[in-house]
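A quick write-up on the structure given underneath.
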Amino acid sequence: MAEYKWPEAEKRTLIGKRVSRVDGPEKVSGKAKYTYDIKRPGMLYGKILRSPHAHAKIVSIDSAEAEKMPGVRAVKVIQGPGTEIRWAGDEILAVAAVDEPTAEDALRAIKVTYEVLPHLVVDNDTKAAAEMQMARQAAAETKGEPDKAFAESEVISEGTYGMPVITHCCLEPHGSIAEWEGEQNLTVHISTQNVSGIAGEMARPLEIPAGNVRVRMDHVGGGFGSKFGPDRWGIEGARLSKLAGGKPVKIMLERDAELMVAGTRPSAYARVKVGAKKDGTILAWESESWGSGGIGGGGSPPLPYVFAIPNQKKQHTAIQNNVGSSRAWRAPNHPQGCLITMGALEDMAAQLGMDPLDFFLKNIDLTGQRAEIYREEFNIAADLIGWKKNWHPRGDKTAGPIKRGLGLSLHTWGGGGHASDCDVTIHPDGSVEVKMGTQDLGTGTRTTIMMVAAETFGLPMNSINLLIGDNRYPTSGGSGGSTTIGGVSASPRRGSVDALDLLFAKVAPALKAEPADLEAVGGMIRVKSDPKRALPWKQACAKLGAMPVTARGKNPGPGTLTSQGVGGVQMADVSVDVETGVVKVNKIVAVQDCGLIIDLKTAESQVYGALIMGVCSALYEERVMDAATGRMLNPNMEFYKLAGIGDIGELVVHMMTGKGYDERGVIGLGEPPAISPTAVLSNAVANAIGVRVPSLPLTPDRVLDALEKKGGNNARI
Amino acid sequence: MRAFEYASPTTKEQVVSLLGSQWGEAEVLAGGTDLLALMKDDIVHPKRLVNLKEVRELRGITYSPGQGLRIGALATIQDLLDSAVVARSYRALAQAAEGITSPQIRNMGTVAGDLCQRPRCWYYRAGFGLFAKDEKGESLVKNGDNRYHAILGNSGPAYYVNPSSLAPALVAMGARVHVYGPQGAREIPAGRFYLTPSAEGEREYDLKPNEIVTAISVPPLGGMKNSTYEVRQREALDWPLAAASVVLRMSGNTVESARVVMGHVAPVPWRSTEAEQFLVGKSINEEVAQGAGNVAVLQAKSLSRNAYKVQLARTSVKRALLDAARGGGR
């Protein structure tokens, strides 16, 4: 029975090293094909007619003219007369035509009449939501004795904190190409985070066996939690294809649709009261929070976040408004909980006249089992940003309009590996194949799987032929919730160990050794006790004879290869122009643990990416809904703003590795570093300008408003 | 995008003969950085596009000490940035061009295109029309989200802001817009080129449907100090939230006369004669510059969501003046 564990640190040749991603050259040269790039022979273009109203009943649909248009191959009603439409952008009808302009002409020729109904699209007005019966008391909880604790508190800090709805804004929009072979077999190229899971979700509505749905994807231009399902447009694309005699139909969302209907992160706002002793001991927390995740209502942020304050009173109201439902967005609910909590605690530190680093460390035991990790990480982050030298009490008192400030935060996430199967095959010619029904979101999944297999076989990475992005390969999980790396590293490790055992059994006689005495090191199969007795890899594989050997690697499985639970801290340094309200990021430091790191370089990249997304949502991103028309006003990248390279500032990433970390096994990293950035930037701005800007994004209008109204509860959210 | 006819003439006479007598029949295509997006979003849907890029006489930037600068309508933003004389003698214009931080727009977008781009008002771009009214005839902008809208000249029905990056500097410098149409050539002072329309279907500038901008001429500034300051939130391409261009005729350290023009605060580039008069006879320092900024926004009336822009306009004037007085690069 083989032993399933990661190699000891001194024996690792690849794991933990900085390895450049294997698909980098393909991507930067434009050779990599994304779903958007795929063009099939005879392919038709699908377009969706969307509701212009946020709330309406469909009275009639007349598509006769469109159906007669030359070049139109299929027209299909998605939601017919009588249906109640509950958000602008909802799908009404789909067409397929020989090219995009013809499909657009067809949509313009379709006449839909609506009975327009009252709508609510604002996400922060609990009163208006209650009047329309669109507010729901989502959570109310009391712990300890909050009233008593507040009465005993020597210092009380109150504030308002929040973040608006943002979208995923994937640079490659959602979409797919569907084509039928006969009546029963469907092939789908789809931009997805979930290659193995799509077939089942498509098969049910299309009434075909899931095994008849082939799903393919080589590269994806971003998902961030919004690309797990085939979506209604994916299903309808397949239906259009069938109507058009099985011809491939491509539906990729336009940029405005991508921003309107393909996923959002719920908003969250809170009025918070914190009570503490003069020495900084936190005693009590009270919060009244609200927010919206669209028509579905959205989640409730974990409050207080990470700090288990002994006495708490909290309630949350979910506003269910007339916009499309939210989807998972990197660490669902955590960024909201983090911003509100870290903001409120930082405000308390300011009220106490304490350095927030001292204040956080004084209360660090409230974070529970990871207290020591946070302490260690804070010390490292403080060194990297020069906290002791650069921190000043709230409000930069230096002359001139540019004010500088520092902020900090901490966060946590699970990140255990998901279920993952793979087949590892050693061929008699010495080639090695790994097949897994996973996908590389751009995070380095390909690279890490190849590193694990190469490490196990003692081979260079380029001798591993990795096949992913196809649901005909063994089933692996969706890439989300930071569950990917644990799954896709553990299963090939187990599979490679088992395949190697099969090879050892065939090679052992030639080396006059027991199979258990063999090891694969440096391109050789050799006898552990007598390394001179060895065969080069290729010659060893020739002993297999005619047939390859294949082992199925699985996760979960024997041995501790992955676990969960991480802590990270971040610090930020910003400059704010108090005459214009413009915020510039000088530097963000992220210190993060995630157990054993497979590829240090792509792990660091994952953190850089999270920080960049954090800069975007802290400073720029906001879905702007027009109250009167119920429409989104900024479904484009001119006014749905993301950071450019000049806006990001210096990013410093420090990964916790070595003893105390490596032995926990592999843990996911997609979510944790994406949690704190908005909190550190909000806190840094408060430190710079002396007042809290209650709500993100930290735009000139909000910054100037907070300065004018002295921040806190007075300023506009 | 809807189907359209495409014509690519080589002379300006051919161009005007291909343009229609009504707005909406034809559009001229230069860099296309605005027009193509408007067409894709179905905000404008011309039956014919008339490509200007083969009309050679519309290209190029020339300078003579007596006549000053002549910028062909097809000169790109990058051409402006590459021009040594613009950098040396027309700093405010160079600074405005630098504010267009997209390499794609710098390389494709033209100077006349920057002047004639349509408003960036998000109600207009969503298809609600230039004046964006609801079914009761009420302004969606006035009652809605007007954070990027006008604080001056905003008595309605126009609430958008003039989107041009270059216009404030050109107006401040006393530039002239050269226009060609069926009746031949005419010239318009840049300060009178922009109009505030009062009916849908009218344009925001003084051109007939069959007229085109052929060039912009800027007189020699003769050592007048000048500068542009824009407040943009991002380094990445971002429309200015407010901007100001100033040109100062100095006598020693004293302002003899001044031009102060604010951008992105009104439906037209907004010249503040109050600020100009305030500056006469003063030497520029922090206090005077702040005073001019204060005076420049005295008439401002903010809408429900854009009061912050008053402060941004004030700061733009102040910083443009201080930068002009220093005379150094930004």
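Just so you know, the sequences run in chain order A and B. Okay, so the first sequence: first residue is 44 according to the working numbering, each after it adds one. Okay, so the second sequence: first residue is 4 according to the working numbering, each after it adds one. Even for Gly, the Cβ is constructed at its ideal location relative to N, Cα and C.
Determine which residues of the stretch 226–258 of chain B have a Cβ less than 9 Å from any Cβ of chain A, and write them out in chain order. Val234, Arg235, Gln236, Arg237, Glu238, Ala239, Leu240, Asp241, Trp242, Leu244, Ala245
Val164 (chain A) beta carbon less than 7 Å from that of Ala97 (chain A): As a first step, residue 97 (chain A) is located in the first sequence; it is residue number 54 there, counting from the start. As a first step, residue 164 (chain A) is located in the first sequence; it is residue number 121 there, counting from the start. Yes, Cβ-Cβ distance for Ala97 (chain A) and Val164 (chain A) is below 7 Å.
Just to confirm the assignment, what range does the beta strand (DSSP E) spanning His181 (chain B) have? Against the second sequence, residue 181 (chain B) aligns to sequence position 178. His181 (chain B) -> beta strand (DSSP E) spans 179–184.
Inter-residue spacing [alpha-carbon to alpha-carbon] between Asn364 (chain A) and Val317 (chain A): Working through the first sequence from its first residue, we reach residue 364 (chain A) at position 321. Working through the first sequence from its first residue, we reach residue 317 (chain A) at position 274. Rounded to whole angstroms, the gap between the alpha carbons of Asn364 (chain A) and Val317 (chain A) is 30 Å.
I'd like to know whether the C-beta atoms of Pro291 (chain A) and Ile220 (chain A) end up nearer to each other than 7 Å. Your numbering for residue 291 (chain A) matches position 248 in the first sequence. Your numbering for residue 220 (chain A) matches position 177 in the first sequence. Against a cut-off of 7 Å, the Cβ pair of Ile220 (chain A) and Pro291 (chain A) comes out as a contact.
I'd like to check one pair, Ala109 (chain A) with Ala149 (chain A): are the Cβ atoms closer than 7 Å? Against the first sequence, residue 149 (chain A) aligns to sequence position 106. Against the first sequence, residue 109 (chain A) aligns to sequence position 66. Ala109 (chain A) sits close to Ala149 (chain A), with the two beta carbons spaced by under 7 Å.
Counting contacts by CB-CB distance shorter than 7 Å, is Thr318 (chain B) in contact with chain A? Here residue 318 (chain B) refers to the residue found at position 315 when the second sequence is read from its first residue. Chain A contact via Cβ: present.
Taking the Cβ atom as the reference point for each residue, do Lys119 (chain A) and Arg282 (chain A) lie within a distance shorter than 7 Å? For the purposes of this step, residue 119 (chain A) is taken as residue 76 along the first sequence, with counting starting at 1. For the purposes of this step, residue 282 (chain A) is taken as residue 239 along the first sequence, with counting starting at 1. Yes.
Distance, Pro740 (chain A) Cα to Gly341 (chain A) Cα: For this step, residue 341 (chain A) is matched to residue 298 along the first sequence. For this step, residue 740 (chain A) is matched to residue 697 along the first sequence. Rounded to the nearest angstrom, the two C-alpha atoms are 20 Å apart.
Could you name the residues of the same chain whose beta carbon sits closer than 7 Å to that of Lys753 (chain A), not counting the 5 residues immediately before and after it, in chain order? Start at 1 with the first residue of the first sequence, and residue 753 (chain A) comes out as number 710. Same-chain partners within the cutoff: Val734.
Could you pull the start and end residues of the alpha helix (DSSP H) that Thr455 (chain A) belongs to? Your numbering for residue 455 (chain A) matches position 412 in the first sequence. Premise fails: Thr455 (chain A) lies in the beta strand (DSSP E), 445–456, not in any alpha helix (DSSP H).
Can you find a CB in chain A that lies within less than 7 Å of the CB of Gly147 (chain B)? For the purposes of this step, residue 147 (chain B) is taken as the residue at position 144 of the second sequence. Gly147 (chain B) counts as touching chain A.
Beta carbon proximity, Ile760 (chain A) to chain B, threshold 7 Å: As a position in the first sequence, residue 760 (chain A) is number 717, starting the count at 1. So no, Ile760 (chain A) is outside the interface.
Euclidean distance between Cα positions of Arg33 (chain B) and Ala425 (chain A): Within the second sequence, residue 33 (chain B) is the residue found at index 30, counting from 1. Within the first sequence, residue 425 (chain A) is the residue found at index 382, counting from 1. It should be pointed out that residue 33 (chain B) corresponds to Ala in this sequence rather than to Arg. Going from the Cα of Ala33 (chain B) to the Cα of Ala425 (chain A) covers about 53 Å.
Tyr617 (chain A) lies in the beta strand (DSSP E); which residues open and close that run? Residue numbering aside, residue 617 (chain A) sits at position 574 when the first sequence is read from its first letter. Inspection of the sequence shows that residue 617 (chain A) is occupied by Val rather than by Tyr. In this chain, the beta strand (DSSP E) harbouring Val617 (chain A) covers 609–620.
Less than 7 Å between CB atoms is the rule here; does Tyr311 (chain B) satisfy it with respect to chain A? Your numbering for residue 311 (chain B) matches position 308 in the second sequence. Yes, contact with chain A.
Mind checking whether Tyr348 (chain A) and Thr384 (chain A) have CB atoms under 7 Å apart? Indexing the first sequence from 1 puts residue 348 (chain A) at position 305. Indexing the first sequence from 1 puts residue 384 (chain A) at position 341. A contact, by the Cβ cut-off of 7 Å.
Note down, in chain order, all residues in the stretch 684–695 of chain A with a beta-carbon under 8 Å from any beta-carbon belonging to chain B. Lys684, Leu685, Ala686, Gly687, Ile688, Gly689, Asp690
Scan the stretch 364–433 of chain A and note each continuous alpha helix (DSSP H) run of 4 residues or more that stays entirely inside, going in chain order. 377–395, 399–405, 414–428, 430–433
Which full runs of the beta strand (DSSP E) of 3+ residues lie inside the stretch 21–79 of chain B, going along the chain? 29–32, 51–54, 64–67, 71–75
Just reading off the alpha helix (DSSP H) that Asn730 (chain A) is part of, what are its end residues? Sequence index remark: in the first sequence, residue 730 (chain A) carries index 687 (1-based). Looking at the DSSP string, the run of the alpha helix (DSSP H) that includes Asn730 (chain A) is 720–732.
Element boundaries [alpha helix (DSSP H), containing Pro106 (chain B)]: One-based indexing of the second sequence puts residue 106 (chain B) at position 103. Residues 106–111.
Could you please give me the residues that DSSP links to Ile219 (chain B) through a beta bridge? Here residue 219 (chain B) refers to the residue found at position 216 when the second sequence is read from its first residue. In the DSSP output, where bridge partners are listed per residue, Ile219 (chain B) has B:Ile74, B:Val180.
Rounded Cβ spacing between Val477 (chain A) and Ala462 (chain A) (contact assumed at less than 8 Å): Counting from one through the first sequence, the residue named residue 477 (chain A) turns up at place 434. Counting from one through the first sequence, the residue named residue 462 (chain A) turns up at place 419. Val477 (chain A) to Ala462 (chain A), Cβ: 17 Å. No contact.
Would DSSP call Thr360 (chain A) helix, strand or coil? Position 317 of the first sequence, counted from the start, is the residue given in the question as residue 360 (chain A). In this structure, Thr360 (chain A) counts as strand in the three-state DSSP scheme.
Contact set between Gln314 (chain B) and chain A, taken where Cβ atoms lie within less than 9 Å: Reading the second sequence from its first residue, position 311 is the one you call residue 314 (chain B). Ordered by position in chain A, the residues that pass the 9 Å Cβ test against Gln314 (chain B) are Glu622, Thr623, Gly624, Pro743, Leu747, Glu751.
Between Pro678 (chain A) and Asn508 (chain A), what straight-line distance do the alpha-carbon atoms span, to the nearest angstrom? Position 635 of the first sequence holds residue 678 (chain A). Position 465 of the first sequence holds residue 508 (chain A). For Pro678 (chain A) and Asn508 (chain A), the distance between alpha carbons rounds to 41 Å.
My assumption, with CB atoms under 8 Å, is that Asp669 (chain A) sits in contact with Asp148 (chain B). Please give the rounded CB distance. The residue you call residue 669 (chain A) lines up with position 626 of the first sequence. The residue you call residue 148 (chain B) lines up with position 145 of the second sequence. With 8 Å as the limit, Asp669 (chain A) and Asp148 (chain B) qualify as a contact, their Cβ atoms being about 6 Å apart.
Looking at C-alpha atoms only, which residue of A:Ile294, A:Thr307, A:Ala327 is the closest neighbour of Gly763 (chain A)? Nothing about residue 763 (chain A) can be reported from this structure: the residues present for chain A run from 44 to 760 only.
When DSSP builds the beta bridges, which residues end up paired with Pro192 (chain B)? Counted from its first residue, the second sequence places residue 192 (chain B) at position 189. For Pro192 (chain B), which the question treats as bridged, DSSP gives the partners B:Arg179.
Closer than 9 Å at the beta carbon, the chain A residues around Met4 (chain B): Locating residue 4 (chain B) in the second sequence gives position 1, counting from the first residue. In chain order: Glu143, Pro144, Glu147.
Shorter than 7 Å from the beta carbon of Trp125 (chain B) to some beta carbon of chain A? Taking the second sequence and counting its residues from 1, one reaches residue 125 (chain B) at position 122. At a cut-off of 7 Å, the C-beta of Trp125 (chain B) has a neighbouring C-beta in chain A.
Give me the subset of the stretch 138–169 of chain B whose CB atoms are less than 7 Å from a CB atom of chain A, sorted by chain position. Leu143, Asn146, Gly147, Asp148, Arg150
Does the distance from the CB of Val315 (chain A) to the CB of Ala387 (chain A) come in under 7 Å? Looking up residue 315 (chain A) in the first sequence gives position 272. Looking up residue 387 (chain A) in the first sequence gives position 344. When the beta-carbon positions are compared, Val315 (chain A) and Ala387 (chain A) come within less than 7 Å of each other.
Taking C-beta to C-beta, are Val632 (chain A) and Ile428 (chain A) nearer than 7 Å? The residue labelled residue 632 (chain A) in the question sits at position 589 within the first sequence. The residue labelled residue 428 (chain A) in the question sits at position 385 within the first sequence. Yes, the pair counts as a contact, with Cβ atoms nearer than the cut-off.
Buried or exposed: which applies to Gly332 (chain B), given that a residue is buried once 16 or more other Cβ atoms fall within 10 Å of its Cβ? Here residue 332 (chain B) refers to the residue found at position 329 of the second sequence. Because the pLDDT of Gly332 (chain B) is 34, which lies under 50, any placement of that residue in the model is unreliable, and the question is left without a value.
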